[in-house]
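In this note's numbering, each number is its position in the sequence shown, counted from 1, plus 103.
Glycine included, every Cβ here is placed at the ideal spot set by N, Cα and C.
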Amino acid sequence: MIHYIIRHGQTDWNAEWRLQGQKNIPLNDVGRQQARENGVRLKELMGSFDGYDFVASPLDRARETMELVRGAAGLDPLAYRIDDRLKEISFGDWEGYTGQELKKLDRERHRERREKKWDFLPPGEFAESYEILSWRIGSWLKSLNQPTVAVCHGGVIRCIFKLAGGVAREDAANLDIPQDRVLVYTENGLEWA
């Protein structure tokens, strides 16, 4: 079974290196173009969309990306479903800050996150570590029962690399996840296209 996974297109907060987490930040023009190009790439990779489930994170940037991907691939932009498990990691009280701002605000916790990123829990009531996020993503991966196209987030894809690709925890937490490529997930592993 083949699955295709796409990170949402760029937002202004991505361009500024701000932690977005579960904030609803819209795509910028670069992100919209990335999404359209990923739709064209997806059509080239897949050929046929028969039998595929299309699913997105409920966050606006992922939904807009999915709609642009589907439109560029010649599909009804709105014919997909959402799954709450695909939401980005919550950075709690740190959402909206850059790394440099956090370093000034709380040098000790900023250092702690750099040293143990997978298990680090930011401050805030709803904050998550990558480990906590991986529980949601593991549940989603186990639920895949048909070929799927998913649009989600960088943190989600980092968890997929750890859970399905066997990447070590800290390596997975620090992976650079492109917004202009499609991740192909098969029984043989994960590969960017």
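Note that the C-beta distance between A175 and A253 is not below 8 Å. Contact between the stretch 151-171 and the stretch 242-257 is established, with three or more Cβ pairs separated by less than 8 Å. E231 is positioned such that its CB atom lies no closer than 8 Å to that of Q123. Burial state of P129 is exposed, judged by a 10 Å Cβ sphere holding fewer than 16 other Cβ atoms. When the five nearest sequence neighbours on each side are left out, the beta carbons in the same chain lying within less than 7 Å of the beta carbon of N277 are those of K220, in order along the chain. Annotated as distal: R261 and Y288, with beta-carbon spacing of 8 Å or more. By the beta-carbon neighbour count (other beta carbons within 10 angstroms, threshold 16), L208 is exposed. Only residues of its own chain outside the window of five on either side were considered, and among them E170 have a CB closer than 7 Å to the CB of L181, listed in chain order. DSSP, reduced to helix, strand and coil, places R284 outside both helices and strands of the structure shown, so it counts as coil. The alpha helix (DSSP H) runs of length 4 or more contained entirely in the stretch 205-247 are, from start to end of the chain, 210-218 and 233-246.
Under the DSSP assignment, D115 falls in the alpha helix (DSSP H) whose first and last residues are D115 to A118. In the three-state DSSP reduction, G292 falls in the strand class (E or B).
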